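**Student:** Numbering (the working numbering), first residue to last: 10 to 505.
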Ligand code: GLU
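1) Less than 8 Å separating the beta-carbons of residue 243 and residue 259?
2) Thinking C-alpha only, which one of 257, 404, 155 and 492 is nearest residue 441?
3) Tell me whether residue 371, by its Cβ, gets closer than 7 Å to a heavy atom of ligand 1.
4) Let me know if residue 146 comes out buried or exposed under the rule of 16 or more other beta-carbons within 10 Å of its beta-carbon.
5) Rounded to whole angstroms, what is the Cα-Cα separation between residue 451 and residue 306?
6) Need the endpoints of the alpha helix (DSSP H) that residue 223 sits in, please.
7) State yes or no: is the C-beta of residue 230 within less than 8 Å of the C-beta of residue 48?
8) Rounded C-beta distance between residue 348 and residue 296? I'm assuming under 8 Å.
9) Kindly give me the distance between the Cβ atoms of residue 256 and residue 228, rounded to whole angstroms, as I take these residues to be in contact under 8 Å.
10) Could you check where the alpha helix (DSSP H) with residue 317 kicks off and where it finishes?
11) Starting from the C-beta of residue 334, find all residues in its chain whose C-beta is less than 6 Å away, skip the five residues before and the five after it, and write them out in chain order.
12) In terms of residues, what are the limits of the alpha helix (DSSP H) holding residue 450?
13) Out of curiosity, what's the CA-to-CA distance linking residue 380 and residue 357?
14) Grouping DSSP H, G and I as helix and E and B as strand, with all else coil, what is residue 53?
15) Do residue 476 and residue 486 come within 8 Å of each other at the CB atom, strictly closer than that value?
16) I'd like the list of long-range same chain contacts for residue 12, defined as Cβ closer than 7 Å, with 5 residues on each side in sequence excluded.
17) Around the C-beta of residue 431, are 16 or more other C-beta atoms found within 10 angstroms, so that it is buried, or is it exposed?
18) Report yes if the CB atom of residue 262 is closer than 8 Å to the CB atom of residue 273, and no otherwise.
19) Are residue 129 and residue 174 closer than 8 Å when you measure CB to CB?
20) Which residues in the same chain as residue 474 place their Cβ atom closer than 6 Å to its Cβ, once the five residues preceding and following it in sequence are excluded?
21) Counting Cβ pairs, one atom from each stretch, are 3 or more of them under 8 Å apart for the segment 97–112 and the segment 196–208?
22) Using three-state DSSP, classify residue 146 as helix, strand or coil.
23) State yes or no: is the C-beta of residue 212 nearer than 7 Å to some heavy atom of ligand 1?
24) Could you tell me whether the segment 314–328 touches the segment 162–182, where touching means 3 or more Cβ pairs closer than 8 Å?
25) Which of the three DSSP states is assigned to residue 232 in this structure?
26) Roughly how many angstroms separate the alpha carbons of residue 29 and residue 371, rounded to a whole number?
27) For residue 74, is the classification buried or exposed, using 16 other Cβ atoms within 10 angstroms of its Cβ as the cut-off for buried?
28) Where does residue 328 land, buried or exposed, given buried means 16+ other C-beta within 10 angstroms?
29) Please tell me whether residue 79 and residue 117 are closer than 8 Å, where the distance is taken between their beta carbons.
30) Quick check: is any heavy atom of ligand 1 less than 7 Å from the C-beta of residue 236?
31) Using 10 angstroms around the beta-carbon of residue 132, count the other beta-carbons present and answer buried if the total reaches 16, otherwise exposed.
32) Write down the C-beta distance between residue 234 and residue 215 rounded to the nearest angstrom, noting that I regard them as a contact closer than 8 Å.
33) Which whole-angstrom value is the C-beta distance of residue 319 and residue 426, which I expect to be below 8 Å?
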């Protein structure tokens, strides 16, 4: 089999050199799980920190796992998160294409090169596809490892289906280095002759990642630690080709609890799920950054980081070997921080859809409700249950009027409402300060604490013990007519 060596030479010449180059290489599964998002973030940070290049590569060689629209989810997530790529399927680049199925011929040629070099072999044995992909196949001594060139050619000529396998040395050990996990040595006899090219002509991930990372000039291979056990086989492939091994950066897993990795299949939230649950992208990214990396030195105590700040301070030395446990309470804390830090009009914009889920009355100003919420919510999905009373007065018990701290009793509430209702009915102005001033002025005139008046008014206006905003703010949002109607209903409840 004569190989066109010029092809390989040209491919080598195309490889960009001299700068840090990292790649995020997701398979299009249709969602971005938290561990994957973190890998994308760390990969981006390593490139940006070094002023290098960040590449997006789509790993779609497992055709049985194709999901409609899945690549869009990847683009959308990366764009939303601000993880911009310099090279990729949509923007092109010097080592295109960046979608693995479009690189099919390349893998075939490199597999043949390996066969030629004696590090891979054609295997004609009958095995099922799933055995090939999972690596579960218990090979035993493979008769195809030692077929004569003539026998191989005869089978190929006869059109016999085949896979190409890596010829792993049967003796000795392989040692590789990982930036996080250090040196790892394995006995070669524990490694299987993994499939490189499948029967359908497409490469396995195990082969494609090595060929692509080399041809794309990747300097740091950042990925989940589930790939650590395969890394010796990748190292053997690099050695077989005579290529430099990139820096491996394997990231410890993100766990649901001490025993279990987070997984979409077991109901753990993906990035999209977290967004649907009311978390902000910035908060998710900030939290995820700290799952497996910690700032050190002067900034050791800092928790809140923008993406730009992270790019400045991120370093491999701060990455941890230990699995990180995903703690939703901690994420709530970050989310509350980011919600509070928003400009009020920006917060109103993100909160409005949640307010409008329950407050459909167009006379009610959603931005004004948003202003009450900003300091009082941890996530956007809490909003509807906090503000539903603006749309409709809920059923409530008159016990709510009784409150020790405000020294409010049923009788004091009756007294208060009997005075407040005519006063508000007669008022010519309806802004929050004016309402507040009238209510506290009344308290002053009566020689009682403000709460004696404000408590029953708020209860009657909202029908709830806990509300965002105080009496005057709620009355203002409801408008005069509706406020008076509700206060009268409250009084009626108390007197019947
Ligand atoms: N396609 C692999 C995955 O989604 C990528 C692993 C790697 O980054 O090398 O898990």
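Every residue, glycine too, gets a C-beta built ideally from N, C-alpha and C.
Small disclaimer: the values here were computed from a predicted structure and weren't measured.
**Tutor:** Result, derived from the coordinates:
1) no
2) 492
3) no
4) Residue placement at residue 146 is poorly supported in this model, since its pLDDT is 49, which falls under 50; the coordinates still yield a value, given next. So residue 146 ends up on the buried side.
5) 57 Å
6) 214–224
7) no
8) Going by Cβ atoms, the distance from residue 348 to residue 296 rounds to 14 Å, so no, they are not a contact pair.
9) 6 Å
10) 316–322
11) 264
12) 441–455
13) 7 Å
14) helix
15) no
16) 121, 122 and 125
17) exposed
18) no
19) yes
20) 409
21) no
22) Only weak support is given to the placement of residue 146: the predicted model assigns it a pLDDT of 49, under 50, and the question is left unresolved by the model.
23) no
24) no
25) strand
26) 54 Å
27) exposed
28) buried
29) no
30) yes
31) buried
32) About 16 Å; that fails the 8 Å criterion.
33) That pair is no contact at about 54 Å.
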